[in-house]
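First residue of the sequence shown? That's 137 in my numbering, and the numbers climb one at a time after it. Inspection log for the structure reproduced underneath, given as structure tokens.
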Amino acid sequence: MRSHGRRTGLESLHAVGHRVAGALVLGLAATGCGDDGSRLGDVQEPFRVVSGVPAAEDAQPRIERSDREARPDDFRAQRSSHCDTFQQRASGKVDVLLAIRSSPSMEGTIARLAGGLDAIFGVFDSATPAIDFHFAITTTSPEPLLAGSPRFVSCRPVSGVTSCDVGAGTIADAIAWAGETLRTLPLEHGPGKGLLAASRIASRPEASGGFLRSDAELRVIFVSDEDDASCLPFAPPGAAACTSTGVCGCGDLLDFGSTDYFARVFSGAKGFANGAAVAADAIVATTAAELDRDDGSGFAYVGCTRDPSLSCDEGDACALHAPRYAGVADSTGGRVIDLCDADLGVALREIGWAASGLAREFRLSRVPIEATIETVVVPNDPVSCDDASPCSDPAQLCVRNRCVLPIAPDPVDGWEHQLCSGSDPRNVIRFNGRSIPSKLETIEVCYDVDVGSELSLCR
């Protein structure tokens, strides 16, 4: 039966050819039998008639060459595409650890920081939804201890009002506790090991006396006028050129002590796949200008100057460049704020907004070509869709068989991409106004990678 089907196909083609004699027919009408012996129906494929006489070329295979000179735009590098996926916060709880270098050179900065605490506490107090937060203070001593009595303050919303566990229970009492704790910190000489101190607290929740909670996010805020020195090797004076600390040169090995190591410790503090629940911020010197500082060591120092009319040996006029603190903040999606230029109240308010409520900023893993960015928000219970069953909501698109909401770039009610903030690298997608994703919604950001761009160009 199958051989008969093959003959029928050939006969059908032959017949069609005779009906249009003198022309070449493109197309085929075939009939035949199925495997079960049943006759198959004719399948009329589209065709068109081409004038002329059919012919086949019998020349030997050859390579056709063009004499035209190649132009640069004939060749284009293939662009790599990438997608980042994020999930909006689920928790209204955050534990904030302020890790500050407590040294004589920081005395003025500590006083200004104490005066600006009402900014971050005020953000927590007025946040929507209300925030349940813990606030603790530690120093950059390698043996970390939570400072103050009690060791931390706990505040939570009760009947629409923030209630704290110090004094009379008001937010003002919590601010007073934090200010007094800062002002009574012992001032110590020597290098600060803030990354080591904070990582020990973050990785030992059972030893924090209840400060760290398993269901709360963690925000670590570093404030220092020198770079972190919790690394190996830790070179004594004379063994390495010192530029960013007054004591040593700090090497970044691949093992313990590198900034990547500490970023991994912080990102893993809340367990596997919960790295987004932890972020570190750095209020440090982000510039590396040559400083007029003479401490008798013969080393040349770089950093920022608060008051160019003052010597770096006077109070807190200068701060040394701190790329290690900034590097960990960059890696964990935190803020990096220049200590010399910052109003500390404004800086704490910015960090407070980042730590409370719904996240507005999401850090991209690669540098995008901005014109190619496509951003969608996936609802918590997305509706399935396909070509046959499109989304019923005209505002939604069908992407990967789910109805999602596309977000357009807009400074008021859409997203913005921020690669740099001054000299500080950011590379974040920031949502504005009504575009901020709701609790637990998934955000997908797809783009072509700008292979030639690096965040180091911000500095």
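Glycine included, every Cβ here is placed at the ideal spot set by N, Cα and C.
Between the CA atoms of residue j and residue i - distance to the nearest angstrom
i      : j      : result
Gly345 : Gln224 : 29 Å
Leu576 : Ala453 : 44 Å
Ile565 : Leu500 : 7 Å
Gln532 : Asp584 : 23 Å
Val359 : Leu323 : 14 Å
Pro459 : Ile473 : 12 Å
His553 : Val482 : 22 Å
Cys527 : Asp231 : 40 Å
Asp309 : Thr298 : 11 Å
Thr508 : Val581 : 10 Å
Val294 : Asp523 : 49 Å
Asp396 : Ser447 : 34 Å
Ala165 : Ala192 : At Ala165, the pLDDT of 45 sits below 50, so the modelled position is not reliable; the number obtained from the coordinates is stated separately. Rounded to whole angstroms, Ala165 to Ala192 spans 23 Å at the Cα level.
Ala283 : Ser339 : 18 Å
Ile572 : Thr578 : 11 Å
Thr167 : Pro197 : With a pLDDT of 48 at Thr167, under the threshold of 50, the modelled position of this residue cannot be trusted, and the question is left open.
Ala418 : Arg292 : 26 Å
Trp551 : Arg355 : 24 Å
Thr245 : Gly328 : 15 Å
Leu591 : Gly407 : 28 Å
Gly374 : Asp361 : Unreliable placement is indicated for Gly374, whose pLDDT of 49 sits below 50; the coordinate value is still reported in the next sentence. Distance between the alpha carbons of Gly374 and Asp361: 22 Å.
Ser290 : Gly305 : 10 Å
Ala195 : Arg201 : 16 Å
Ser262 : Gly296 : 10 Å
Gly251 : Gly315 : 7 Å
Ile366 : Ala495 : For clarity, residue 366 is Ser in the given sequence; the question names Ile instead. In a straight line, the C-alpha of Ser366 is about 30 Å away from that of Ala495.
Asp529 : Arg184 : 42 Å
Per DSSP, the bridge partner or partners of residue i
i      : result
Asp560 : Ser557
Thr441 : Cys454
Phe498 : Ile565
Pro504 : Val585
Cys219 : Cys582
Ala191 : Paired residues: none, contrary to the question.
Ile419 : Val359, Ile473
Pro429 : Correcting the residue type first, residue 429 is Arg in the shown sequence and not Pro. DSSP output for Arg429 lists no bridge partner at all.
Val414 : Leu354
Residue closest to residue i, alpha-carbon to alpha-carbon, out of the options
i      : options                        : result
Trp313 : Ala195, Ser447, Gly303         : Gly303
Gly488 : Met242, His270, Ser239, Thr245 : His270
Arg502 : Asp523, Pro327, Asp428, Ser217 : Ser217
Leu249 : Arg319, Leu494, Leu555         : Arg319
Ser403 : Glu353, Ala544, Pro278, Arg496 : Glu353
Asp351 : Ile311, Val414, Gly470         : Val414
Val587 : Ile505, Ala491, Val514, Ser277 : Ile505
Ser277 : Ala334, Ala255, Arg292, Met242 : Ala334
Gly411 : Pro545, Phe498, Gly251, Gly393 : Phe498
Ile357 : Cys291, Ser394, Ala490         : Ala490
Arg485 : Ala255, Leu234, Val189, Ala247 : Ala255
Ser574 : Lys229, Arg349, Val514         : Val514
Phe260 : Pro286, Ser238, Gly251, Lys229 : Lys229
Pro265 : Asp364, Ser492, Gly330, Gly251 : Ser492
Ser559 : Gly469, Arg536, Val548, Ala462 : Ala462
Val548 : Asp301, Thr422, Arg562, Gly569 : Gly569
Ala544 : Arg538, Phe567, Ser525         : Phe567
Ala436 : Glu200, Leu331, Ala424         : Ala424
Pro518 : Arg538, Cys534, Asp529         : Arg538
Ala343 : Cys367, Leu480, Arg287         : Arg287
Asp268 : Cys300, Ala247, Met242, Cys534 : Cys300
Ala478 : Ala495, Ala263, Ala455         : Ala455
Cys219 : Glu510, Ser557, Cys534, Ile199 : Glu510
Asp363 : His457, Val401, Ser285         : His457
Expected contact under 8 Å - CB spacing of residue i and residue j to nearest Å
i      : j      : result
Ile236 : Ile273 : 7 Å
Thr512 : Leu555 : Going by the sequence as given, residue 512 is Val instead of Thr. Their Cβ separation, rounded to whole angstroms, is 21 Å, which puts Val512 and Leu555 out of contact at 8 Å.
Val438 : Glu426 : 6 Å
Arg429 : Cys476 : About 14 Å separates the two Cβ atoms, so there is no contact after all.
Ile132 : Leu348 : The structure shown does not extend to residue 132, since the chain is modelled only from 137 to 595, so the question has no answer here.
Ser394 : His325 : With a Cβ gap of about 26 Å, Ser394 and His325 do not count as contacting.
Cys440 : Ala465 : With 8 Å as the limit, Cys440 and Ala465 do not qualify as a contact, their Cβ atoms being about 16 Å apart.
Ala399 : Thr468 : 6 Å
Thr275 : Leu321 : 6 Å
Gly470 : Ala416 : 5 Å
Cys521 : Pro561 : Between Pro561 and Cys521 the Cβ distance is about 38 Å, and since that is not below 8 Å, they are no contact.
Ile337 : Leu233 : 6 Å
Residue i at chain D interface by Cβ criterion, 7 Å
i      : result
Pro190 : Judged by its chain identifiers, the structure shown contains no chain D, having just a single protein chain.
Continuous beta strand (DSSP E) assignments of at least 3 residues falling wholly in the segment 229 to 304
Runs found: 229 to 236, 268 to 275, 288 to 294, 297 to 300.
Runs of beta strand (DSSP E) wholly within the segment 508 to 555 (minimum 3 residues, chain order)
DSSP runs (the beta strand (DSSP E)) wholly in the segment 508 to 555: 510 to 514, 533 to 535, 538 to 543.
Which complete beta strand (DSSP E) runs does the segment 324 to 365 hold, if anything under 3 residues is left out?
The qualifying runs are 353 to 359.
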